[in-house]
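Just so we're aligned, residue 1 is where the sequence shown starts under the UniProt record's numbering, counting upward by one. Data block below; observations after.
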Amino acid sequence: MLDDFLIRAALAGIGVALAAGPLGSFVVWRRMAYFGDATSHAAILGVALALAFNLPIGLGTLAVALAMAVTVATLAARGWAMDTTLGVLAHSALALGLVAVSFVPDARVDLSAYLFGDILAVSKADLGFIWGGATLVVGLLVWRWSALLTATLNEDLAAASGLNPDRERLILTLALALTVAVALKVVGALLIAAMLIIPAATARGLARGPEAMAALAALIGVGAVLGGLQLSLHYDTPAGPSIVAVAAVAFTLAASLGQLRKG
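See the structure below:
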């Protein structure tokens with residue numbers, strides 16, 4: 001019989017994986033990996049603000065992640081060189097967050113839990129926040145799937161079809177910000193981007209269509225969560241990094257399989 005905290009951990013991880021898989025597919029297609037890093041690093045600043053103003057951690061991280069998402073989407077629409085801009089924003093937000101936490105009076109917080117995740121400490125309230133956010137992300141992607149896919153494949157074609165590519169990019173960035181906020185408790189700010197990218201990159205070599213890739217990425221993420229928790233339980237390894245490590249093994253196996261097929 002599994003303990004309650006393990007059941008909550010598994011449910012939390014599954015909720016994150018179901019949102020991160022399809023969203024991560026768009027991140028891979030659009031080559032937005034660095035954007036995921038910038039948004040997740042900014043979440044630490046949200047933790048500091050939440051502690052300073054006695055707000056729920058999830059609310060603080062969501063507010064800052066949304067602010068970062070809107071900022072990046074605006075700069076991208078204006079033609080900024082995003083690789084350099086994202087590098088500056090990502091590391092600046094992380095550094096400011098870490099410094100800001102040290103100035104919060106009476107704030108005794110284990111930053112490693114927010115940097116690398118603390119999935120085994122997920123509460124019922126956290127579980128509701130995670131699944132609520134994940135449901136919103138999945139619902140948003142389903143609702144805008146055709147438009148998002150068209151804008152991802154060819155922005156000129158999207159504009160010719162009456163779509164607004166900038167609006168679709170903003171929708172993606174908002175969904176990404178929400179995913180970062182709900183995933184912070186599970187895998188931490190430094191590993192969120194990995195859960196977005198690795199399952200999707202693994203699925204890309206195995207799936208034959210965008211819908212299949214999104215669904216397979218979600219399943220691979222779920223498998224990584226369950227495998228990582230099993231690894232953590234038996235070998236006493238950190239749960240968040242263990243989840244990402246299992247996902248990385250899956251990617252390596254899929255890549256090796258792909259090379260064998262080509263050979």
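From the three backbone atoms N, C-alpha and C, an ideal C-beta is built for every residue, glycine too.
Proximity below 8 Å, CB of residue i to CB of residue j
{"i": "residue 128", "j": "residue 186", "result": "no"}
{"i": "residue 77", "j": "residue 38", "result": "no"}
{"i": "residue 201", "j": "residue 251", "result": "yes"}
{"i": "residue 101", "j": "residue 111", "result": "yes"}
{"i": "residue 40", "j": "residue 180", "result": "yes"}
{"i": "residue 266", "j": "residue 83", "result": "Nothing about residue 266 can be reported from this structure: the residues present for the chain run from 1 to 263 only."}
{"i": "residue 122", "j": "residue 8", "result": "yes"}
{"i": "residue 247", "j": "residue 224", "result": "yes"}
7 Å Cβ shell around residue i - same chain, five flanking residues per side excluded
{"i": "residue 288", "result": "It is not possible to answer for residue 288, since the shown part of the chain is limited to 1 through 263."}
{"i": "residue 29", "result": "152"}
{"i": "residue 118", "result": "185"}
{"i": "residue 85", "result": "75"}
{"i": "residue 63", "result": "46"}
{"i": "residue 237", "result": "231"}
{"i": "residue 11", "result": "127"}
Contact set for residue i: own chain, Cβ-Cβ below 6 Å, skip 5 residues either direction
{"i": "residue 170", "result": "73"}
{"i": "residue 21", "result": "199, 217, 218, 221"}
{"i": "residue 15", "result": "130, 131, 134"}
{"i": "residue 1", "result": "Low local confidence applies: a pLDDT of 47 at residue 1 is under 50, so the model's placement there is unreliable, and no value is given."}
Cα-Cα separation, residue i to residue j
{"i": "residue 254", "j": "residue 17", "result": "18 Å"}
{"i": "residue 182", "j": "residue 228", "result": "18 Å"}
{"i": "residue 256", "j": "residue 70", "result": "38 Å"}
{"i": "residue 96", "j": "residue 104", "result": "13 Å"}
{"i": "residue 226", "j": "residue 19", "result": "16 Å"}
For residue j and residue i, believed in contact at Cβ under 8 Å, the rounded distance
{"i": "residue 214", "j": "residue 36", "result": "About 16 Å; that fails the 8 Å criterion."}
{"i": "residue 196", "j": "residue 24", "result": "4 Å"}
{"i": "residue 49", "j": "residue 177", "result": "Incorrect: roughly 15 Å between the Cβ atoms, too far for contact."}
{"i": "residue 191", "j": "residue 244", "result": "5 Å"}
{"i": "residue 43", "j": "residue 189", "result": "5 Å"}
Nonlocal neighbours in the same chain, by C-beta distance under 8 Å from residue i, ignoring five residues either side
{"i": "residue 120", "result": "5, 6, 9, 232, 239"}
{"i": "residue 161", "result": "150"}
Query - Contact the segment 151–158 vs the segment 133–141: 3+ CB pairs below 8 Å - result: no
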